[in-house]
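Just add 24 to wherever you are in the sequence shown, counting from 1, and you've got the numbering used here. Reading through the structure tokens given below for one structure.
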Amino acid sequence: MDDTQPVPEEAGILEFLRLCESFYPADAVEASVERQRLWYDALCAQFDRPLPDGMTAVDAAIAGVPTRRYRPQAVTARTVLVYIHGGGFVVGSLDSHQAICAELAEFCGAELVALDYRLAPEHRWPAQGEDCWAVLQELLADGSRLVVIGDSAGGNLAAGLAIRARDAGLSGIVGQALVYPGLGGDLVSGSYVEMAAAPGLSTADVRYYREILQAPQGDPVAFPLQAERLGGLPPAFVTVAHFDPLRDDGRHYAARLAEAGVDVQFREEPQMVHAWLRARHMSEGARAGFEALCSAVQRMIREGEGPAADA
């Protein structure tokens with residue numbers, strides 16, 4: 025790592041960064057998309073773990089979109105979790121976040137549906153959001169309650185889904201959990217400047233991903249932070265990494281949600297970098313952050329299934 029970069033001090037996360045760079049170089053976005061995907065797949069495989077005892081993971085299409093449904097041995101929740109993976113809209117798959125999805129489902133005692141949305145540049149905006157919207161509509165058609173969860177690009181898609189569902193009058197989303205989401209900040213102020221060269225994700229990387237996606241500026245679904253109105257959205261948990269150019273997107277979004285009267289919990293991980301979810305078994309800070317995420321989702325389930333929800 026460049027000595028001029030802002031870097032954390034926690035030993036576990038520094039080891040995580042060293043391991044990541046051995047699989048996925050810092051200048052990966054300069055390579056072909058095919059090469060990026062090969063590197064990313066190898067990185068993800070390094071952090072994969074076996075499914076919890078008794079858990080099943082079944083692949084099936086929902087509304088024509090490939091999905092994987094995780095079912096813990098003991099299901100205690102009626103609410104279904106929907107997980108949308110990160111990867112800059114360019115990389116990622118049903119396999120890339122399998123262990124994260126499985127552990128979330130196990131902790132919450134809930135079924136979890138992971139989405140394999142179409143990727144750029146083969147499929148530009150709004151293909152990714154349309155895939156997620158199609159699955160959401162089908163899952164809600166039987167009266168199910170859902171918590172939508174996403175990290176990075178997936179956090180963008182999850183937030184956009186909540187806005188789109190509100191505007192369409194579609195009920196059933198009882199919570200949204202956004203993990204270091206990219207929500208449409210201006211790239212020239214705040215953390216985009218302070219953390220422009222942060223390890224794991226740079227502001228130049230964010231610009232690359234936006235350019236390859238080609239989403240229109242000002243669209244509230246593509247860039248939720250630019251939405252004029254945030255009232256009426258489901259309860260939210262927003263967590264960000266301090267050493268991340270996307271940090272202020274989450275900070276500002278959480279603040280705007282609170283101003284709009286939305287029940288929101290915000291958490292900033294002081295020693296974390298982008299993609300810290302993968303470090304949850306080697307970093308104390310990441311472990312604590314993942315437990316906070318799981319607990320927040322569990323609270324959304326509990327409150328969504330409370331007496332008022334059944335009235």
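Beta carbons are placed, not taken as given, at the ideal position from N, Cα and C, and that holds for glycine. The model shown is predicted, which means the values in this text are computed figures rather than measured ones.
Counting C-beta pairs closer than 8 Å gives fewer than three between the region 47–57 and the region 309–326, which falls short of the contact rule. In the structure shown, the three-state DSSP call for Q238 is coil. Taking Q238 as reference, the option from L317, F113, L41, V212 with the minimal CA-CA separation is F113. Counting only runs of at least 4 residues, the region 108–187 fully encloses the following alpha helix (DSSP H) elements, listed from N- to C-terminal order: 122–132, 151–164.
For D83, no alpha helix (DSSP H) encloses it; the enclosing beta strand (DSSP E) starts and ends at 80–86.
Assignment of H276 by DSSP, reduced to helix, strand and coil, places it in the helix class. With fewer than three CB-CB distances shorter than 8 Å, the region 240–258 does not count as touching the region 76–90.
Under the DSSP assignment, R61 falls in the alpha helix (DSSP H) whose first and last residues are 57–70.
In the three-state reduction of the DSSP assignment, L301 falls in the helix class, which pools H, G and I. Scanning V217, A182, L143, A299 for the CA closest to the CA of Q29 turns up V217.
Distance check between Y94 and each of A126, E308, L160 places A126 closest, using alpha-carbon atoms only. Relative to L67, the option among A303, V212, G313, E327 whose CA is nearest is A303. Cβ-Cβ distances below 6 Å link D229 to V53 in the same chain, with the five nearest sequence neighbours on each side left out; the list follows chain order.
Counting the other Cβ atoms within 10 Å of the Cβ of G274 gives 16 or more, which makes it buried.
Spatial neighbours of R102 in its own chain (CB-CB distance under 7 Å, excluding positions within 5 residues in sequence) are listed in chain order as R169, E329.
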